[in-house]
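Residue numbers (the numbering used here): 675 to 1050. Here the structure comes first, spelled out in C-alpha cells, and everything after it is commentary.
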Amino acid sequence: MNETIVPTEVNALPGRLAALGWTDAVAAAFGPFAGSGLDPARILAEDRGSYLVAAVDGEQRAQVGGRFRYEAGDDPAAYPAVGDWVAVDRGSGHDDGPGIIHFVVPRRTAIVRLASGKRTVAQVVGANVDVVFVVASLNHDLNLRRLERYLAVAWESGAEPVVVLSKADLAEDAADSIAAVDRIAVGVRIITASAVDGRGVGAVRALIEPGMTVAFIGSSGVGKSTLLNVIAGEEVATVNAIREDDARGRHTTTRRQLHLLPDGGVVLDTPGMRELAPWDADAGLERSFADIEALAAACRFGDCAHDAEPGCAVTAAIRDGDLNASRFDGWRKLEREARHLERRVDALARAEERRKWKVVHKSVGKHMELKYGREA
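Have a look at this one:
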C-alpha cells in the first residue's frame, strides 16, 4: 500500500509535483485529505472519463469513484478537469490498474465556457491556471469580435490574460491590426510573435516561470501548438498547415493536455474553439469592456439602454468617434447572451427543485399509504 502522506510532508512534495505547480497554497487546500491515505495528484489529460494523473513517483491512469460519480451527477463542471489537483487512491502501485479519484481539490482559477450541445451546462476547459495566453493570428483570420469573447472568458477565469498576436511574419498591415487589438484589449499586455522568425517568443517564455501554469486558448490554426513547440524546444504538440484559401486552421490539438517545459513551467494546450460562449460572463465583461462600462456609468439615467435616451454617454462616444460602433455591438451581444443564459440556468434550477419535491412528495405518499392504508 502507498505510504500515507501527512501534512508536514505534503507541504514539501519533491520532484515532479513541485515542478507541476505544487505550492504551499495547494498543500493547504489539500490539507483535509492529507491524513486519509489518499495521494495528491494533478490531472494531465482527460480522455472520455479516463484521466492521466501525475503523482509523486510517476504517472498512471485514474477514474472517478462510484460515490464521486453519484454526488457529481450529470454536472460536467463537478468532474475533474485538466489542471485540477485531486485526491486519489492509487492502489498498490501505478502499474496495478487505474487509480480511483475521490475528491477534487478546490480550484484557485478555472477557464469555464458554456458546453457545446443542447444542454445548458458549464464546461471547465482548464483549472488552476496563472496566465491565459489568448492567441490570435495576424493573418486574414484575425477577428476582433471573437477576440473579445476570448478575453471575457480569460478575465472571468481569475487568471491574468495576455494577448499573443501570432504569425507576425504573415501580417500585411501589422501596425493597423495591432492598434485595433490594442483598442479592445483594455488593460491587457499584447505580445506580437512569430514562430518562424522568433520575434516575441522570448517575451512569451519570460512570463512562464517555474512552477507556474499557463494556458494557450484561441481558434484552430492560430498557432498555439506551434508556439508551444518553439517555447519547449521540441515537438510536444502536433501541428498541421492552415488552409491557403481562407487562412483558417485545421483542428490539430484534439484534447486538453498539460505539458511540463524543460526549463520549468507548465503549459495547457487546448483544442481550437471557434464558437465560444462564456458561462458566467459578468466579471469578464466588466473587465474586458472596461471602456464601455465606464461610459455607461456616466450616462444620465442609471437604467439607460444606450439607444436614444438623452444624456447617454455611450451613444455620444460613438457619435464623436471615441467608441467603435462594432465594439459596442459586440458588447451588447455578449450582454444579451449572458442575460439569456442566466434565465436558462434559473429556469433549469427551478425545474430541478420542482422535480426533487415531486419525488419527495411521492415518497411521503407511499410511506403514508403503507402505514395507514389507502383512503377509501
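Glycine residues also receive a C-beta, built at the ideal position from the N, C-alpha and C atoms. Keep in mind the model is a prediction, meaning the values are calculated, not measured.
Asked                                                                                                                                   : Found
Neighbourhood of P750 by C-beta distance below 8 angstroms, restricted to the same chain and skipping five residues each side           : A789, V795, A796, Q797 and V798
Sub-8 angstroms separation of A801 and A826 beta-carbons                                                                                : no
Q734 and G723 closer than 8 angstroms at C-beta                                                                                         : no
For E733, the three-state DSSP class (helix, strand or coil)                                                                            : strand
Three-state secondary structure (DSSP) of R781                                                                                          : coil
Alpha helix (DSSP H) segment containing W829, residue limits                                                                            : L818 to S831
A751: first and last residue of the uninterrupted beta strand (DSSP E) it sits in                                                       : Where A751 is concerned, there is no enclosing beta strand (DSSP E), given that its DSSP letter is neither H nor E.
Limits of the alpha helix (DSSP H) - the one that I882 falls within                                                                     : Per DSSP, I882 belongs to no alpha helix (DSSP H) and is neither H nor E.
Simplified DSSP assignment, three categories, for D804                                                                                  : coil
D996 versus G832: straight-line alpha-carbon distance, rounded                                                                          : 29 angstroms
C-beta contact flag for L901 and L718 at 8 angstroms                                                                                    : no
Where D721 sits in the DSSP three-state scheme                                                                                          : strand
Burial state of F704, where buried means 16 or more other Cβ atoms lie within 10 Å                                                      : buried
The segment 937-945 in contact with the segment 880-890 per 3-pair CB rule at 8 angstroms                                               : yes
Unbroken beta strand (DSSP E) run spanning L901, endpoints                                                                              : Where L901 is concerned, there is no enclosing beta strand (DSSP E), although the alpha helix (DSSP H) it sits in stretches over K898 to A906.
Burial state of G872 (16 or more Cβ within 10 Å)                                                                                        : exposed
Inter-residue Cα distance where the pair is V760 and R716                                                                               : 6 angstroms
Residue environment, A853, which counts as buried when at least 16 other CB atoms sit within 10 Å                                       : exposed
Beta-carbon contacts of L934 that lie in its chain and below 7 angstroms, excluding the five residues immediately before and after      : A693, L694 and V940
Span of the alpha helix (DSSP H), counted from its first residue to its last, around T989                                               : A987 to R993
Start and end residues, alpha helix (DSSP H) containing D996                                                                            : D996 -> no alpha helix (DSSP H), and no H or E assigned at all.
Residues that H776 bridges to, as DSSP identifies them                                                                                  : Looking at the DSSP assignment, H776 forms no beta bridge with any residue, so it has no partner.
Rounded C-alpha distance that separates D804 from P984                                                                                  : 43 angstroms
Buried or exposed (CB count within 10 angstroms, at least 16 for buried), F975                                                          : exposed
Contacts around C978, its chain only, beta-carbon distance under 6 angstroms, and the 5 residues preceding and following it disregarded : C986
Inter-residue spacing [alpha-carbon to alpha-carbon] between A828 and V786                                                              : 9 angstroms
Cβ-Cβ separation, A906 to P936 (assumed contact under 8 angstroms), whole Å                                                             : 7 angstroms
Residues that DSSP places opposite S840 in a beta bridge                                                                                : S811
Anticipated Cβ contact below 8 angstroms, V870 with F807, distance rounded                                                              : Going by Cβ atoms, the distance from V870 to F807 rounds to 18 angstroms, so no, they are not a contact pair.
Rounded separation between S868 and N998 - CA only                                                                                      : 28 angstroms
Coil, strand or helix - H768 by DSSP                                                                                                    : Any reading at H768 needs caution, since the residue's pLDDT is 49, under 50, leaving its predicted position unreliable; the model's value is listed next. If DSSP states are grouped into helix, strand and coil, H768 belongs with coil.
The alpha helix (DSSP H) enclosing R743, as first and last residue numbers                                                              : G740 to A746
Y744 to P772 span [Cα, whole Å]                                                                                                         : 19 angstroms
Within 8 angstroms, strictly: CB atoms of V838 and V809                                                                                 : yes
Nearest to V779 (by Cα), restricted to the options F707, P835 and D843                                                                  : F707
Nonlocal neighbours in the same chain, by C-beta distance under 6 angstroms from A1021, ignoring five residues either side              : Bear in mind that a pLDDT of 48 at A1021, under 50, signals an unreliable position, so the model cannot answer this.
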